[in-house]
Structure formats: C-alpha cells, structure tokens
Amino acid sequence: MNDGIENGVDGDDGTLGIHVLTYNMAQVAQKAVLICIDGWGVAGEKSPDKGNAILNADTPWMDEFAKQGSKITQGYTELEASSLAVGLPEGLMGNSEVGHLNIGAGRVVWQDVVRIDQTIKKGELNKVDNIVKSFTRAKEGNGRLHLLGLVSDGGVHSHINHLLRLLDVAKEVGVPEVYIHFFGDGRDTDPKSGAGHMKTVIDYTQKIGLGKIATVVGRYFAMDRDKRWERVEQAMVGIFKGEGEESSDPVKTIKERYEAGETDEFLKPIIVNAKDGRVQNDDTLFFFNYRSDRVREITQLIGDQDRSPRPDFPYPSNMHVTTMTRYKTDYTFPLAFAPQTMDNVLAEWLAKQKVHQCHVAETEKYAHVTFFFNGGVEVQFDNEHRDMVPSPRVPTYDKEPKMSAMAVADKLCERIKEGKFEFLMNNFAPPDMVGHTGVYDAAVIACTETDKAIGKVYEQCKDSGYTLFITADHGNAEEMLNEKNTPKTSHTLNKVPFVMANAPEGYSLKKTDGVLGDVAPTVLAVMGLPQPEEMTGSSLLIKS
Numbered sequence: 001m002n003d004g005i006e007n008g009v010d011g012d013d014g015t016l017g018i019h020v021l022t023y024n025m026a027q028v029a030q031k032a033v034l035i036c037i038d039g040w041g042v043a044g045e046k047s048p049d050k051g052n053a054i055l056n057a058d059t060p061w062m063d064e065f066a067k068q069g070s071k072i073t074q075g076y077t078e079l080e081a082s083s084l085a086v087g088l089p090e091g092l093m094g095n096s097e098v099g100h101l102n103i104g105a106g107r108v109v110w111q112d113v114v115r116i117d118q119t120i121k122k123g124e125l126n127k128v129d130n131i132v133k134s135f136t137r138a139k140e141g142n143g144r145l146h147l148l149g150l151v152s153d154g155g156v157h158s159h160i161n162h163l164l165r166l167l168d169v170a171k172e173v174g175v176p177e178v179y180i181h182f183f184g185d186g187r188d189t190d191p192k193s194g195a196g197h198m199k200t201v202i203d204y205t206q207k208i209g210l211g212k213i214a215t216v217v218g219r220y221f222a223m224d225r226d227k228r229w230e231r232v233e234q235a236m237v238g239i240f241k242g243e244g245e246e247s248s249d250p251v252k253t254i255k256e257r258y259e260a261g262e263t264d265e266f267l268k269p270i271i272v273n274a275k276d277g278r279v280q281n282d283d284t285l286f287f288f289n290y291r292s293d294r295v296r297e298i299t300q301l302i303g304d305q306d307r308s309p310r311p312d313f314p315y316p317s318n319m320h321v322t323t324m325t326r327y328k329t330d331y332t333f334p335l336a337f338a339p340q341t342m343d344n345v346l347a348e349w350l351a352k353q354k355v356h357q358c359h360v361a362e363t364e365k366y367a368h369v370t371f372f373f374n375g376g377v378e379v380q381f382d383n384e385h386r387d388m389v390p391s392p393r394v395p396t397y398d399k400e401p402k403m404s405a406m407a408v409a410d411k412l413c414e415r416i417k418e419g420k421f422e423f424l425m426n427n428f429a430p431p432d433m434v435g436h437t438g439v440y441d442a443a444v445i446a447c448t449e450t451d452k453a454i455g456k457v458y459e460q461c462k463d464s465g466y467t468l469f470i471t472a473d474h475g476n477a478e479e480m481l482n483e484k485n486t487p488k489t490s491h492t493l494n495k496v497p498f499v500m501a502n503a504p505e506g507y508s509l510k511k512t513d514g515v516l517g518d519v520a521p522t523v524l525a526v527m528g529l530p531q532p533e534e535m536t537g538s539s540l541l542i543k544s
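Okay, structure coming up:
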C-alpha cells in the first residue's frame, strides 16, 4: 500500500474524522472489530420480572449470538462489569468511564480506595514502602508522627478504618508519639456523627496504647478547594499554633458544639494536648485522605509546594510530608499508593505493533472511545483514526431514542470496507442514554435500533473478513423498573455479554469468570499479537 499521511477532514456526512496514518498494513493473523454497547446488561436472577427493555425489544442479532449452538457465533460468554471485577468497591455498579477504561486497558483498573482496602485486607499495610519510611523517619528522628485527614466512615475522601490501621503500623514500627489531627466530615456523613467517630478513635488509641488527639477542625476549613485561603489558614492556626478552644475531652466538646448549632463540617479548631500536639520543627506528617481534590490546598502550604497564598505564616522547618495517594501531578511528596501504571493499554500496544486502528462513536460517547479507552490519557496514538458522528440535538434522548446508532454503524462499516484498519472499535450509545431517561418505551426502541446497527456491522465484518467482538461497559436497559414498579434510571450490577463471531474455525470462548479486563487480551490472541506484561487480564480464547 502507499505510504502517506492523511490529515483530519470532515466527512461529507457531517462526521468529524481525525487521523494520522501511514499506510503499511501490519501483519496480523486476523483483523478484528470490537463493538462496545453502552448500558446493555444480561438480566440476573435478582432482576425484576418487569421492565427489561432489551428482552422486550426486537433483537434478533443479539438473541442469535447468545443462542446455544448458534450458526453465526463462535463464542458467547458473560463478563462481570461491576464491583471489584472492574476495580470498584464491592457492591458498586459499573459506569461508562470505568467500563471503557477496563476494556481498553486489558486489566482491572483499581480505584485508590479499593487498592488500600485490599492491602489492608491482606494485612500488608505494614509492607507499603513509603508508609514504613515515613513512620521510621519519625521513630529515628524526633519520635513525633502526625496523622492528618478526614475522620469518618463516609468513604468518599477517606475512611476511619484506614486511620486505625495506620495506628497499628505506627505501633508495629515503634513510633513513640503519634498525634491525630481530626478533620470533621458531616457532608458525606450525618452532620452530627463526628462525636461518635471521635469516641471510636480515642477508644482505639487507648486499646493499643498509642495515639493522641491533637486538633479537631471541620472540613470547611481544612479541606477547602476554592482558594479560600483564609479558611485553610484557620485550620493551620489550630494545627501549628494551637489557637482555638482548648479541651481535655474532645467528644464532650464536640457535643457541646452541636448544642450551640455547630456541625462536623464547620467545627472551629478544638485544641487537645495543646503544647505537645502542635506540629513542630523536624516533625513527620502523613495525610491519609485518598481523594485528592480537597487536600491539595492544605498540603500545598504545609508541604512547601507553593506558599505564595500565605507566605508569612510561621511554618516549622524541616517537616517531612507523605500522602496516601497523589494529590497533584507536580507535588513532590512520597506517596503510599502511587497511581497504577496504564502503560501498554490496547490502543497504545496496537500502535507499537504498527496496527492501524479506528475508533468511532457519536458525540455523547466520543470521550469513551478515545480518552477512557486509551487509558485515561489525552493521547492519539500513531496510526489511530477517530470518527465522531453528531448526536441528535434534543433535550432528552427519549425524544429521539434511536440516537445516531445507525449513522455510527454506517461510518464503522465504511471504515471496515476501506480495508485500511486491522482493528476498529465503536460505541453504541442508545441503551444507556435512553435508559437514563427512565422512559421504558423509548428504551425498547433504543435497544431495537442498536441490535439492527449491530447486525449491519456483523454483515460487513463477514463480507470483509473481520472477526467481530461485542461486549458492553455495564448494564442499564435490562432493568428499567424498580421493585416498586417506579422508573429506574441507574446502572445495574448485572453481567454483560461477550460475543465472538466470524472467527476462524475451532475458536471459542471460555465460559467462566471473565471480566471486562479480559476483552483486550482476547482480541490480541485472535489477532495473533503478543500480550504486553502490563496487561494482566486473561485471554478467554479457546483454540480446539
């Protein structure tokens, strides 16, 4: 084929094409197409009897693909698309971003909180390098460690269990003095639950014989994110200078504040262990929030990343700060849990194998087939072409439930037909976007149209010699009603289909234990390409 570079040109059909291609076809055993349906789950045993828009739609193609002994399917299985299987906490439904991230990465992409929880569950928090280094510095230095963060069971920014386990590690390391700077929640939890959490912490410190409360201050001050530096300073004045209401019984003092109309979020500094509990020269600090956005400002100042908003504050010298996770890319703190590597996701790996690839979606899901599928990075890899089809301009998609599914199928078929791409993938948006409206009849139309579009792509794959894979990022349209027969607009915990059609003879798919992170390894196996070591998912391909 001719070498050359095509520049991005708008298509005659109103689609936007963005591409940098050099035409020398890669050597693959089999060319492949991957369809990712948005919001197409497989109803489970606990799914309500009524409200399955997929079941009640006209879906001859997906029905045939799932049929035992199907004439057109080489493989059909079902994949887990929620909870720990996609790196989310147990019992949490999947979503489009996480789904595309896992599918494209070829591995379970763990959320920070789950990585921390799993480490604790295995009893390995005491093996986390930068936790041990931080606590050892305190022990071998001046003997003083400060633990700072939001103390609640809200689970959005932090978790009280993480604090208690950090106290265990400090005890094991042999840190002589540990001071706790308690940021009140009351936003992700009941506004007056802080006194109970305080009692839990104090009881635990007494049980293990280590740890003292030093400062109590509401998240309104300590966890500002709107550059209201006067709020952050009010928290720091308590933490460093001990300015606030002195107390020898923080549980009692917090309850008194409740009586006076103050809640956890807005607690003004309460000072416990007035002199010893202040952060001083040479002290070691560990921030245990895992969500970054609301601890950036306070760590920016305390950790000397940029003190220009409060340059004259009397900061102690030679403090050492470690944070639970990365709060900002340019912060220089050691991290207990560094970001998971997203090297060699499917799109990047295909580019390294000189494969030409094409990603197609309508506007609503364009970010999912580009940014999220490519590992959560704004990178267009070599020989990666992108087509965006405009979504209909309507206030809600129940007004036009077919969306642009057929136009996406047409564009994908056009690209398959060109024969320039060894790998193509797309997203069909209607089941999810219409499912979110809660309008059942519209969702039935959405699923019917999506099935029709899938059939069109299958026929083109057959004509052009491509193996077709079909999966979904999460469930939605299969459960449109709650148990009380009211509209359900959320995602589900159900499995999703994984189909392989038009594959070489003797190919099939394993039936058990698959997750979304196994899709990319399976695609690579069928294409005859190696699987990179970073891609820890498993190929589900069986060759007989």
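Counting along the sequence shown from 1, when you hit position 390 you're at 390 in full-length UniProt numbering, and nothing is skipped either side.
Where a beta carbon is used, it is the ideal one built from N, C-alpha and C, also for glycine.
Here the structure is a predicted model, which is why all the values come from computation and not from measurement.
Taking the alpha-carbon of residue i as reference, which of the options has the nearest alpha-carbon?
{"i": "Glu-534", "options": "Arg-326, Leu-424 and Asp-343", "result": "Asp-343"}
{"i": "Gly-261", "options": "Asp-226, Lys-192 and Pro-316", "result": "Lys-192"}
{"i": "Leu-412", "options": "Ser-490, Thr-512, Met-425 and Tyr-507", "result": "Met-425"}
{"i": "Gly-517", "options": "Val-109, Gly-94, Asp-63 and Asp-49", "result": "Val-109"}
{"i": "His-159", "options": "Thr-492, Thr-284 and Asp-185", "result": "Asp-185"}
{"i": "Ala-85", "options": "Pro-532, Leu-524, Ala-501 and Lys-495", "result": "Lys-495"}
{"i": "Phe-423", "options": "Cys-358, Ile-37, Asp-63 and Ser-404", "result": "Cys-358"}
{"i": "Thr-253", "options": "Lys-241, Leu-267, Phe-240 and Gly-242", "result": "Leu-267"}
{"i": "Val-408", "options": "Pro-395, Arg-307, Phe-428 and Pro-401", "result": "Phe-428"}
{"i": "Glu-505", "options": "Asn-56, Ala-442, Met-480 and Thr-73", "result": "Thr-73"}
{"i": "Asp-153", "options": "Val-113, Ala-57 and His-100", "result": "Val-113"}
{"i": "His-368", "options": "Lys-31, Cys-36 and Val-28", "result": "Cys-36"}
{"i": "Gly-69", "options": "Asp-226, Thr-512 and Ser-508", "result": "Ser-508"}
{"i": "Thr-536", "options": "Lys-133, Ser-544, Gly-514 and Gly-528", "result": "Gly-514"}
{"i": "Ala-57", "options": "Ala-503, Lys-121, Gly-435 and Lys-511", "result": "Gly-435"}
Ignore the nearest five residues each way along the sequence and tell me which others in residue i's own chain have a CB closer than 7 Å to its CB.
{"i": "Pro-339", "result": "Arg-326"}
{"i": "Gly-91", "result": "Ser-83"}
{"i": "Thr-363", "result": "Met-388, Pro-390 and Ser-391"}
Counting along the chain, where does the alpha helix (DSSP H) carrying residue i start and finish?
{"i": "Ala-453", "result": "440-464"}
{"i": "Lys-207", "result": "194-208"}
{"i": "Ile-116", "result": "112-121"}
{"i": "Ile-160", "result": "160-173"}
{"i": "residue 548", "result": "In the structure as shown, the chain starts at 1 and stops at 544, and residue 548 therefore has no counterpart that could be examined."}
{"i": "Ala-66", "result": "60-66"}
{"i": "Val-232", "result": "229-236"}
{"i": "Thr-253", "result": "250-259"}
{"i": "Leu-335", "result": "Per DSSP, Leu-335 belongs to no alpha helix (DSSP H) and is neither H nor E."}
{"i": "Thr-299", "result": "296-302"}
Rounded C-beta distance between residue i and residue j? I'm assuming under 8 Å.
{"i": "Ala-214", "j": "Val-251", "result": "That pair is no contact at about 15 Å."}
{"i": "Asp-398", "j": "Ser-96", "result": "Actually they are not in contact, since the Cβ atoms of Asp-398 and Ser-96 sit about 18 Å apart, beyond 8 Å."}
{"i": "Thr-467", "j": "Val-526", "result": "5 Å"}
{"i": "Ala-274", "j": "Glu-246", "result": "6 Å"}
{"i": "Asp-38", "j": "Pro-431", "result": "6 Å"}
{"i": "Gly-87", "j": "Phe-373", "result": "That pair is no contact at about 16 Å."}
{"i": "Glu-479", "j": "Ala-43", "result": "7 Å"}
{"i": "Gln-300", "j": "Asp-306", "result": "5 Å"}
Can you find the residues in the same chain that come closer than 8 Å, C-beta to C-beta, to residue i, ignoring five residues on each side of it along the sequence?
{"i": "Val-9", "result": "The pLDDT assigned to Val-9 is 39, lower than 50, so where the model puts this residue is not dependable, and the model offers no usable value."}
{"i": "Lys-255", "result": "Ala-195"}
Who are residue i's beta bridge partners in DSSP?
{"i": "Pro-316", "result": "Pro-316 pairs with nothing; no bridge assigned."}
{"i": "Ser-134", "result": "Paired residue(s): none; Ser-134 is not in a bridge."}
{"i": "His-436", "result": "DSSP, once it has assigned bridges, lists no residue as partnering His-436."}
{"i": "Cys-358", "result": "His-385 and Leu-424"}
{"i": "Ala-105", "result": "Paired residues: none, contrary to the question."}
{"i": "Pro-487", "result": "Leu-481"}
{"i": "Glu-245", "result": "Ile-270"}
{"i": "Phe-498", "result": "Thr-77"}
{"i": "Gly-514", "result": "Leu-79"}
Can you tell me where the beta strand (DSSP E) holding residue i begins and where it ends?
{"i": "Thr-215", "result": "212-218"}
{"i": "Gln-74", "result": "73-80"}
{"i": "Lys-543", "result": "541-543"}
{"i": "Ile-37", "result": "31-37"}
{"i": "Phe-182", "result": "177-184"}
{"i": "Leu-84", "result": "It is not in any beta strand (DSSP E) - Leu-84 carries neither H nor E in the DSSP assignment."}
{"i": "Leu-148", "result": "144-150"}
{"i": "Tyr-507", "result": "507-509"}
{"i": "Thr-284", "result": "284-287"}
Quick one: what's got a C-beta closer than 6 Å to residue i's C-beta in the same chain, skipping five residues either side?
{"i": "Ser-317", "result": "Asn-281"}
{"i": "Thr-205", "result": "Gly-211"}
{"i": "Pro-176", "result": "Gly-143"}
{"i": "Arg-115", "result": "Phe-337"}
{"i": "Leu-493", "result": "Ser-82 and Met-93"}
{"i": "Arg-296", "result": "Tyr-327 and Lys-328"}
{"i": "Trp-61", "result": "Asp-451, Ile-454 and Gly-455"}
{"i": "Ile-470", "result": "Ile-35 and Val-499"}
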